[in-house]
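K.L.:
Okay, handing you the structure first.
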Amino acid sequence: MRIYDISMEIRNDMMVYKNQEKRRPWLEQTRKIQEEGVNESTLHINLHTGTHMDAKWHVIEHGSTIEEIDLYKCITPCKVLDFTHLDDCITKEELLKKNIKKDDFILLKTKNSYSDEFNFEFVYVNREGAEYLQETGIKGVGIDSLGIERNQPGHQTHNTLLSKGIIILEGLRLKDIEEGEYFLCALPLKIKGGDGSPVRACLIKF
Ligand SMILES: [Zn+2]
213 MRIYDISMEI RNDMMVYKNQ EKRRPWLEQT RKIQEEGVNE STLHINLHTG THMDAKWHVI
273 EHGSTIEEID LYKCITPCKV LDFTHLDDCI TKEELLKKNI KKDDFILLKT KNSYSDEFNF
333 EFVYVNREGA EYLQETGIKG VGIDSLGIER NQPGHQTHNT LLSKGIIILE GLRLKDIEEG
393 EYFLCALPLK IKGGDGSPVR ACLIKF
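Structure representation (structure tokens):
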């Protein structure tokens, strides 16, 4: 069995969405071993930092929150699909070239995985692409950008996917992962009322 870590490291100088300072995580050490015999820290973190999962409530009023996520959708077979040839967005036409089926959990590998700097022109899934995934009835979709959509009015891609209960993972690191079939484990923290949660995402090859 081989385990591939596809998560970002959480640290103060990591890539954050649109390079906004308010989104930077901050680890504060509150007890020191030299003084109190233990080290203890508090992590101040936006729930959409680094590798994370979105809850419906992120974009849908009265949508369910992260502690309600179905764990069978977080620990599941998955397919990594290579879209590293694209510069702008993943369209329905491009998705149609891959053999995507009902109940698949797909991870979209793009050029985003090759940079640790926030790119304002990151590769994303456009509205028609999201509608195709929704119609296909997939279980979940992950991407290697901090957003699955880019500047879309009304958050169309998020809405299209989340309204049908399709899991969204963002901020994956897939540079070292080849296209193919794997087992995915990406569990959100059980944060009551959370609109998302960081996850430690990994792929397993048996
Ligand atoms: Zn998010």
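All residue numbers for the sequence shown refer to the numbering used here, where the first residue is 213 and numbers rise by one. Glycine residues also receive a C-beta, built at the ideal position from the N, C-alpha and C atoms.
#1: Note the first and the last residue of the continuous alpha helix (DSSP H) segment covering K304.
#2: Tell me whether the beta-carbon of I403 lies closer than 9 Å to the beta-carbon of T277.
#3: For G359, is the beta carbon positioned less than 8 Å from some heavy atom of ligand 1?
#4: Give the secondary structure of T261 by DSSP, where H, G and I count as helix, E and B as strand, and everything else as coil.
#5: Considering Cα atoms alone, identify which of E240, L381, K351, F295 is closest to I360.
#6: Residues in its own chain within less than 6 Å of K285 by CB, not counting five upstream and five downstream?
#7: Mind checking who F418 pairs with in its DSSP beta bridge?
#8: Between E382 and ligand 1, is the CB less than 8 Å from at least one heavy atom?
#9: Give the secondary structure of S325 by DSSP, where H, G and I count as helix, E and B as strand, and everything else as coil.
#10: Taking all protein chains shown into account, do 16 or more other C-beta atoms lie within 10 angstroms of the C-beta of P365, making it buried, or fewer, making it exposed?
#11: In the DSSP assignment, find the alpha helix (DSSP H) that holds Q346 and state where it starts and stops.
#12: Short of 6 Å in beta carbon distance, which residues of its chain neighbour G405, apart from the five on each side in sequence? Order them along the chain.
#13: In angstroms, rounded to a whole number, what distance separates the CA positions of I312 and E305?
#14: Are the CB atoms of C301 and L319 within a distance shorter than 9 Å?
#15: Hey, would you say D328 sits closer than 9 Å to M226, going by beta carbons?
#16: Quick one: give me the first and last residue of the beta strand (DSSP E) that L293 is part of.
#17: Would you check if the distance between the CB atom of R412 and the CB atom of D217 is smaller than 9 Å?
#18: When the Cα of L259 is compared with those of L396, E393, R235, T288, which residue comes out closest?
#19: From L399 to R339, what does the alpha carbon distance come to, in whole angstroms?
#20: Check for me: the alpha helix (DSSP H) holding I379 runs from which residue to which?
#21: Put L358 into one of helix, strand or coil per three-state DSSP.
P.N.:
Taking the coordinates as given:
#1: Per DSSP, K304 belongs to the alpha helix (DSSP H) from 304-308.
#2: Yes, the pair counts as a contact, with Cβ atoms nearer than the cut-off.
#3: A distance criterion of 8 Å places the beta-carbon of G359 in contact range of ligand 1, judged by its closest non-hydrogen atom.
#4: The answer is coil: DSSP assigns T261 none of H, G, I, E or B.
#5: Of the residues E240, L381, K351, F295, the one whose Cα lies closest to the Cα of I360 is L381.
#6: Answer for K285: K351, G352, I379, listed in chain order.
#7: Answer is none; F418 lacks a bridge partner.
#8: E382: yes, Cβ under 8 Å from ligand 1.
#9: S325 sits in a helix when the DSSP states are folded into three classes.
#10: So P365 ends up on the exposed side.
#11: That run of the alpha helix (DSSP H) goes 339-348.
#12: Cβ neighbours of G405 beyond the five flanking positions: T277.
#13: Roughly 12 Å between the two C-alpha positions.
#14: Against a cut-off of 9 Å, the Cβ pair of C301 and L319 comes out as no contact.
#15: The answer is yes: Cβ separation under 9 Å.
#16: Following the DSSP letters along the chain, one finds L293 inside the beta strand (DSSP E) bounded by residues 287-294.
#17: In this structure, D217 lies closer than 9 Å to R412 by Cβ.
#18: L259 has its Cα closest to that of R235, out of L396, E393, R235, T288.
#19: Between L399 and R339, the C-alpha separation is close to 26 Å.
#20: Annotation for I379: no alpha helix (DSSP H) segment contains it, though the beta strand (DSSP E) segment containing it runs 379-382.
#21: Coil, per DSSP.
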